[in-house]
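The numbering of the sequence shown is my numbering, which starts it at 1414 and goes up by one.
No residue lacks a Cβ here, since even glycine has one placed at the ideal position from N, Cα and C.
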Amino acid sequence: MARFVNKKTKMFVDKEKVDTNTSEYSSNWQGRVFVVDPDKSRIAKEMGFEKRGEFAIKVR
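Structure, rendered in structure tokens:
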């Protein structure tokens, strides 16, 4: 099953929330990062993730 990622935020989204008529989401991604506490995470700060959640490293 393909997982979709918001191209702008790189955050994973539920398949039900994806509007297939727009190019805002992609199922073509590589790598994952789980951010538990964005305030304490050096990786989250470096990559620009301000929310808690699951993010893709590379999105096409």
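Could you give the first and the last residue of the continuous alpha helix (DSSP H) run that contains residue i?
i: E1467; result: That residue, E1467, is in no alpha helix (DSSP H); its beta strand (DSSP E) goes 1466–1472.
Between residue i and chain E, is the shortest Cβ-Cβ distance under 9 Å, so that the two count as touching?
i: D1427; result: Looking for chain E here will not work: only one protein chain is present.
Short of 7 Å in beta carbon distance, which residues of its chain neighbour residue i, apart from the five on each side in sequence? Order them along the chain.
i: K1428; result: F1417
i: S1454; result: V1448
Looking only at its own chain, which residues have a Cβ that is under 8 Å from the Cβ of residue i, when we skip the five neighbours before and after it?
i: R1465; result: V1448, V1449, D1450, P1451
i: E1437; result: N1419, K1420, K1421
Who does residue i pair with in a DSSP beta bridge?
i: V1426; result: F1417
Report yes if the C-beta of residue i is less than 8 Å from at least one heavy atom of the ligand ADP; otherwise report no.
i: T1422; result: As presented, the structure is devoid of all ligands, the ligand ADP included, so that no description of it is given.
Could you tell me whether the segment 1459–1470 touches the segment 1414–1425, where touching means 3 or more Cβ pairs closer than 8 Å? yes
Please specify which runs of the alpha helix (DSSP H), each continuous and at least 4 residues long, are wholly inside the segment 1435–1466, giving them in chain order. 1455–1460
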